[in-house]
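A.B. asks: First residue of the sequence shown: 152, per this note's numbering; consecutive thereafter.
If you scroll down you'll find the structure; I have some questions about it.
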Amino acid sequence: MTVLNVLIAPHSTLSTKAAVVTVFDDALRQQLNDMTETMYADNGIGLAANQVGILKRIIVMDIGDDNSLTRDPNPIKQKLFYFINPEIEWTSDEKVVFEEGCLSVPGQGIPVERSASLRLRYHDETGKEKTETFHGLQARCILHEIDHINGKTMLDYLSKLKKDLAVRKIMKHYSSR
Ligand SMILES: [Zn+2]
152 MTVLNVLIAP HSTLSTKAAV VTVFDDALRQ QLNDMTETMY ADNGIGLAAN
202 QVGILKRIIV MDIGDDNSLT RDPNPIKQKL FYFINPEIEW TSDEKVVFEE
252 GCLSVPGQGI PVERSASLRL RYHDETGKEK TETFHGLQAR CILHEIDHIN
302 GKTMLDYLSK LKKDLAVRKI MKHYSSR
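Structure, rendered in structure tokens:
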């Protein structure tokens, strides 16, 4: 397994919509392994393929065994998900505002309003279709990562003025890797 470089905003790959996966082969599973390794190495709870320069609709997520929004930042047990070609089938009317972080937007915490629950249809690493309902931090993480594969980062929830300020800060303190 390989730890991949995580792209830092602003980067064109982070604002590009990723393509649907049609082939479920060993090369895809290798990419999933590498993304998982990268997520763990950077203490992330989720990672979208765009963030490591792969324009495919792939997400890995592991928030551990505590699904609360205010959970311990270092999960004890691993609970790994692979979401390939994720499609949101339903979101709850109930919304929650919560400050998010992002490996591609270092040093920034941005409050984002998102649905509290959702139902997701996706393919697993073998191409099998699954449908599952998620709540809490898992639902929030999935919505954040789906933004990534649609070419959106949490910076896009800011006003233009605040976004420009945040981008300038990131460019000053984090050289692109
Ligand atoms: Zn992110």
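Glycine is no exception: its CB is placed at the ideal position from the N, C-alpha and C atoms.
In this text the structure is predicted, and so the values were computed from the model without any measurement.
Going by other Cβ atoms of all chains shown within 10 Å of its Cβ, with 16 needed for buried, is V157 buried or exposed?
C.D. replies: Its Cβ being crowded by 16 or more others within 10 Å, V157 is buried.
A.B. asks: At a cut-off of 7 angstroms, would you count H295 as near ligand 1, judging by its Cβ distance to the nearest heavy atom?
C.D. replies: Yes, the Cβ of H295 comes within 7 angstroms of a heavy atom of ligand 1.
A.B. asks: To the nearest angstrom, how far is the alpha carbon of M152 from that of L231?
C.D. replies: Spanning the two alpha carbons is a distance of roughly 16 angstroms.
A.B. asks: Less than 8 angstroms between the C-beta atoms of L288 and N218, yes or no?
C.D. replies: Yes, the Cβ-Cβ distance between L288 and N218 is below 8 angstroms.
A.B. asks: Would you grab the beta carbon distance between E251 and I261 for me? Rounded to a whole angstrom, and I think it's under 8 angstroms.
C.D. replies: Between I261 and E251 the Cβ distance is about 6 angstroms, and since that is below 8 angstroms, they are a contact.
A.B. asks: Less than 8 angstroms between the CB atoms is what I'm expecting for T167 and G302, so what's the real figure, rounded?
C.D. replies: Confirmed, about 5 angstroms.
A.B. asks: Just how far apart, CA to CA, sit K314 and T221?
C.D. replies: Roughly 26 angstroms between the two C-alpha positions.
A.B. asks: Terminal residues of the continuous alpha helix (DSSP H) containing I300?
C.D. replies: First-last of the alpha helix (DSSP H) with I300: G287 to I300.
A.B. asks: Just curious, the alpha helix (DSSP H) that N184 is in, first and last residue?
C.D. replies: Start and end: D177 to A192.
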